[in-house]
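2 protein chains.
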Amino acid sequence: MTDQRRAARAPAATGQRPTGPPAAPPLQRAGADPAADVRPTREAQPTREVLAGYLHERAGELLRGLRAHDEAAGSAETAAEAAEAVRLLRRSARRICGTLQTFRPLLDTGWSDRVGAELRWLAEVLAKEHEYAARLDRLLTALHRLSAPAAGPDGESAGSVEARTGRPGVGAAKAGALLERQLTLARTRAHSAALRALGSGRFHAVADEIAVLASEAPLDEQSADRPAALTLRPLAELTHRRFAEAVDALPHGPEALAHTLTGTEGRHDAGWHHVRHLARQTRYALEVLEGPRPTAPGPGADTGSTTPLHAALVLVGRHLTRHRDAAEAAAAASAAGRTPRIAPATAYALGVLHADQRHEVEAARLAFCRTWPPAGDR
Amino acid sequence: MTDQRRAARAPAATGQRPTGPPAAPPLQRAGADPAADVRPTREAQPTREVLAGYLHERAGELLRGLRAHDEAAGSAETAAEAAEAVRLLRRSARRICGTLQTFRPLLDTGWSDRVGAELRWLAEVLAKEHEYAARLDRLLTALHRLSAPAAGPDGESAGSVEARTGRPGVGAAKAGALLERQLTLARTRAHSAALRALGSGRFHAVADEIAVLASEAPLDEQSADRPAALTLRPLAELTHRRFAEAVDALPHGPEALAHTLTGTEGRHDAGWHHVRHLARQTRYALEVLEGPRPTAPGPGADTGSTTPLHAALVLVGRHLTRHRDAAEAAAAASAAGRTPRIAPATAYALGVLHADQRHEVEAARLAFCRTWPPAGDR
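Protein sequences appear in the order of chains B and Y.
Sequential numbering of the first sequence, starting at 1, is according to full-length UniProt numbering.
Sequential numbering of the second sequence, starting at 1, is according to full-length UniProt numbering.
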């Protein structure tokens, strides 16, 4: 664990600092839940209604995304609509995937594993284009921040200093151009790959499965009529426990920026990515139990939380996504730095950028440790 | 102010974060000082005895350092003794300087300003060699940390990964060699400059003044017989207040690593260096009032604190020195990065190193804000 993480967790403690991230709070906290008066009703319903109902809704959403994409794709004028449709597709695919995984024992497991794997493939293929675009955006923003002249102690801009020293901006500009070239190429390829995937027989086979799912979920008949509280809740608790255990098992990372020059500085990232995955799984499981969130379009769609735990998972999810994005941006800067025959100033700027993004990785870990577990559960 | 600094200062506060560093504690805290039973006796003494006594001791120390240097200099076998003698010289010069400045109204001001300026020059000339050596050491240590392979999540070393990817270490090794060349050259020049200074007429003139000071300090006769509590203490309080005000005036810095590519990222460093200077001045003033510290050789010599405030100043002094060292090391890495015709991998490693040292600058600021004001005075 880094000093930063320790400090964030027990800033005023003297000597008695915890040695690992604290355990997650229990899934359900007595009396503290504003949705407590709603949930029992839902959990008293038969498993079939709750689980199949949720899967039907998500499947319908996925099919709507697919139709919207078919209508918008292929024209520059409707690129924004196509991108939004892809977002909806990914959103539903991730939720169905997570639901199939968490509640696997209540479903036809063969079917569930097969469809889950295909949806994971689909969500990954569809995510790439957006990821490259966001990565480029993140790196150019960072370069801008790194190469903006500082205001002086009296607020005066340092423009004149920069003008005098002349060259510092050159490396940043060249590094930006190089990254733009490399990531735009990657993005274009990802776009084509996504279009190919959506036109493939493999995709049509998944779409057929989803069309069936929209009206009929292959539930295990023995559990289908039991109340959700006895079937869904224990499995949601299990997912939540796996999340808590993954948080506990987070490696005690090295100092910020250590190993940055070896290509091994991201060795501990995987543990954090796993935590991110499980935080999402837990959040989706809660959505099944507590009713789906508003599906308004846009990045704010996930914020309609009805319970504090769901809200906390949304919040730490942002930190964990920022962690993932920064780690991948650092890797992209590092890869660009290995481009043959670049100017030393370009390489220098990419080195600073790489370190800056690893610093962001640390900051995201710190932010996670500051917000998890939520204040009431410490 | 950076997020880190804010967080360190009010980690659990919600919304009500202070907007600037807190004020320094009062110089004397009622009842909290273990030396309180000693100090009044000393402060009841006449100004002459306390102030002149302190100056005599420091002047004697400086002359001993000078003799020790004369005996040890010029031979490789006694280089360690010569370095230790220079350390003693600098230590005494800094303290005499600070004392002359803080208690200027009680001294012959013309003499005090002249000798103070000459001692400042001497301390600066003598410090350079050590500073370049320490800077190289800091940068090579950082490069080592940055280029050491990370242990895996299971503790397994990443040596094999590095062996497979091959090249990451090359840039770090070349960067290290370049820095070693540049800073060793600077260090050698500083060594010659220090020897030249110690053989100069200018130095002999200061040495003569110090020889006189060792037996007789030019005190203002009107104050010389008054008790130290009425003359020295108010001036020490004034220095302490200037320190507190400088802490309050610390610029609210940009985010960590912002502006790193412009050569203007150190624009706010000067305010911190000023705080470091005033923390030292305050500490030296306390030493005059409370009796000198043990002068045992070595870097631990300053730790024989008799009061909590002195101990706190020693502690934050370390953070502020680390701040200064990291800022100058970052500048050295940046300067090395502008060496013409270096390989891109070397430039890349220097960029990472530069960012790493700016990260250290931020960490030192955070550490300062965590330890100042001392816990009892918050």
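All C-beta atoms, glycine included, are put in the ideal place defined by N, C-alpha and C.
Since this is a predicted model, take the numbers as computed values, not measurements.
- Interface criterion met: the Cβ of D356 of chain Y is under 8 Å from a Cβ in chain B.
- Bounds of the alpha helix (DSSP H) holding H323 of chain B are 308-337.
- At a beta-carbon threshold of 7 Å, none of the residues of chain B lie near R48 of chain Y; the nearest stands roughly 41 Å away.
- Nearest in C-alpha terms to R189 of chain Y, of all of Y:A244, Y:E49, Y:L126, Y:R338, is Y:L126.
- Judged by their CB atoms, R358 of chain B and T321 of chain B are not nearer to each other than the 8 Å cut-off.
- For E328 of chain B, no Cβ of chain Y is located within less than 8 Å of the residue's own Cβ.
- Taking a Cβ-Cβ cut-off of 8 Å, the neighbours of V352 of chain B in chain Y comprise L257, T260, L261, G351, V352, H354, A355, given in sequence order.
- By the beta-carbon neighbour count (other beta carbons within 10 angstroms, threshold 16), T264 of chain Y is buried.
- Its chain contains R94, R95, G98, T99, T102 as the residues whose beta carbon lies nearer than 8 Å to that of Y284 of chain Y, once the 5 sequence neighbours on both sides are disregarded; these appear in chain order.
- Counting C-beta pairs closer than 8 Å gives fewer than three between the region 166-181 of chain Y and the region 106-125 of chain Y, which falls short of the contact rule.
- For a Cβ distance threshold of 7 Å, nothing in chain Y lies close to P308 of chain B: the least Cβ distance comes to about 15 Å.
- Contact of H359 of chain Y with chain B is assigned, a C-beta pair being separated by under 8 Å.
- In this structure, Y:V361 is the residue among Y:A197, Y:V361, Y:E237 with its C-alpha nearest to the C-alpha of R324 of chain Y.
- Within chain Y, the residues Y348 have their CB atoms less than 7 Å from the CB of G337 of chain B, given in chain order.
- The beta carbon of T371 of chain B does not come within 8 Å of any beta carbon belonging to chain Y, so the residue lies off that interface.
- The C-beta of R267 of chain Y comes closer than 8 Å to at least one C-beta of chain B.
- Between H56 of chain Y and A214 of chain Y, the C-beta gap is smaller than 8 Å, which places the two residues in contact.
- When the alpha-carbon of S223 of chain B is set against those of B:E81, B:P105, B:A73, the nearest one is in B:P105.
- In this structure, the alpha-carbon of P308 of chain Y lies about 21 Å from that of A364 of chain Y.
- Excluding five sequence positions before and after D269 of chain B, the CB atoms of its chain that fall closer than 6 Å to its own CB belong to A327, given in chain order.
- Taking a Cβ-Cβ cut-off of 9 Å, P374 of chain Y has no neighbours in chain B, whose nearest Cβ is about 13 Å from it.
- The three-state secondary structure of P46 of chain Y, taken from DSSP, is strand.
- Within chain B, the residues whose beta carbon sits less than 7 Å from that of P149 of chain Y are H259, T262, T264, listed in sequence order.
- In the DSSP annotation of this structure, the continuous segment of the alpha helix (DSSP H) that includes I96 of chain B starts and ends at 79-102.
- The beta carbons of A207 of chain Y and L107 of chain Y sit about 19 Å from each other, so the pair does not count as a contact at 8 Å.
- Think of a sphere of 8 Å around the beta carbon of R94 of chain B: no beta carbon from chain Y falls inside it, the nearest being about 25 Å out.
- As for any alpha helix (DSSP H) of minimum length 4 sitting wholly inside the region 221-278 of chain Y, the runs are 221-224, 228-248, ordered along the chain.
- Just measuring C-alpha positions, the residue of Y:A279, Y:A229, Y:A59 sitting nearest T239 of chain Y is Y:A279.
- The region 334-349 of chain B and the region 188-205 of chain B do not touch, with fewer than three beta-carbon pairs separated by less than 8 Å.
- Take the alpha-carbon of A211 of chain B and the one of G201 of chain B: they are about 15 Å apart.
- For the region 216-237 of chain B, no residue has a beta-carbon sitting nearer than 7 Å to a beta-carbon of chain Y.
- Looking at Y:L235, Y:W272, Y:A134, Y:E237, the one whose alpha-carbon comes closest to that of P251 of chain Y is Y:W272.
- Against chain B, the beta carbon of L146 of chain Y has neighbours under 9 Å at L257, A258, H259, T260, L261, T262, E265, A355, listed in chain order.
- It is roughly 28 Å from the alpha-carbon of A367 of chain B to the alpha-carbon of L315 of chain Y.
- What A172 of chain B touches in chain Y, judged by beta-carbon distance under 9 Å, is L261, T262, going in chain order.
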